[in-house]
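Trainee: Please find one structure pasted underneath; my questions will follow.
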C-alpha cells in the first residue's frame, strides 16, 4: 500500500510541477504581448498609453517629452 501511495504522490507532484511551469510560460507570454496590444488599441483612439513608453518615435523607447538635463545657475 505504501508503494502505491508513493507512486500516486509522485504522479501528483509531477502534474503539479507541469501545471506551474505551463502557467508561468503563459504569464510570460501575456506580459510580453500586452504592451503591443494595448498600444495599438489605445493609440488608434488617441489616448495615452500607460505602462509603455511610446512617444512620437513610434514605440522605440524614446520619450515623447524631452527632459533637459542642464543645471541652471
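In the working numbering, the protein residues as written are 68 to 140.
Cβ atoms here follow ideal geometry from the backbone N, Cα and C, with glycine treated the same way.
1) Roughly how many whole angstroms lie between the Cα atoms of residue 70 and residue 99?
2) How long is the line joining the alpha carbons of residue 94 and residue 72, rounded to whole angstroms?
3) When you compare only the Cα positions, how much space is there between residue 89 and residue 81?
Mentor: Checking against the coordinates, here is how it stands:
1) 44 Å
2) 33 Å
3) Each residue's Cα considered, the two are about 12 Å apart.
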